[in-house]
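J.: Converting from the sequence shown to this note's numbering requires adding 203 to each position, the first position being numbered 1. The beta carbon of each residue, even a glycine, is placed where N, CA and C say it ideally should be.
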Amino acid sequence: IVGGVATGVVLAADRRQAEVMFTDQRIEFTAGSRVGEALKGQGHINFTSYNYTVLLTGEVPTAQAKAEVEKIVSEIPQVKTVVNELQIAGASSAASRSNDAYITSKVKGNFLGNGKVRPTDIKVVTEAGVVFLLGLVTREEADAATEVARGTGGVQKVVRVFEYVVPPAKK
């Protein structure tokens, strides 16, 4: 479980620049393509890239497959960190994935009503009832988002995969 990486980045209105978002999308596509080729469709794997950190969730059949996926993804240009949360298990059911999508939407909806968390600053990924939170946030925002997620029905556990930023100094 990853708690977060301190970066000392200054908080700006737009936390990820367009180029970074584009690169994150390219990383996800490349990861899916390369892993799909290597594993020949074994398992159910999700690739979520946020600010060059790639979160791996889902299920693979063996520990060897889990390690292979991590190695393949870590070799993609511009990937700085891989957080491997793959489970060694059979692929999840459609019902389980549907429930995870529902939990994700509830967490995001709860961010809207919270007032302390901007939903656009945090990426929410749910796998088997475990909610993963990614984003460039202050520690206060991370704590608020974690509490909102923990208080959402159906959430089994919350894993923080944040990069911490420093808010601008008040004048």
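Note down, in chain order, each residue of its chain lying with its Cβ closer than 7 Å to the Cβ of Asn287, except the 5 sequence neighbours on either side.
T.: Leu259, Lys269, Glu273
J.: Given a cut-off of 8 Å on the beta-carbon distance, is the pair Glu344 and Ala294 in contact?
T.: No, Cβ-Cβ distance for Glu344 and Ala294 is not below 8 Å.
J.: What would DSSP say about Ser308, mapped onto helix, strand or coil?
T.: helix
J.: Excluding the 5 residues flanking Ala177 on each side, which residues of the same chain have their C-beta closer than 7 Å to its C-beta?
T.: Here the chain covers residues 204 to 374 and nothing more, so residue 177 does not appear.
J.: Can you round the beta-carbon distance between Lys360 and Val333 to whole angstroms, since I take them to be within the 8 Å contact cut?
T.: 5 Å
J.: Can you check which of these residues, Val285, Gln267, Leu336, Val340, is closest to Arg218 by C-alpha distance?
T.: Val340
J.: Once DSSP output is grouped into helix, strand and coil, what is the label at Lys360?
T.: Here Lys360 sits in strand by DSSP.
J.: Would you tell me roughly how many angstroms separate the C-alpha atoms of Glu278 and Ala292, rounded to the nearest one?
T.: CA-CA distance, Glu278 to Ala292, rounds to 25 Å.
J.: Between Arg237 and the rest of its own chain, which residues show a CB-CB distance below 6 Å, the 5 nearest in sequence each way excluded?
T.: Ile275
J.: By the three-class DSSP mapping on this structure, what secondary structure does Val318 have?
T.: With the sequence shown as reference, residue 318 is identified as Gly, and Val is not the correct amino acid for it. DSSP places Gly318 in coil when its eight states are reduced to three.
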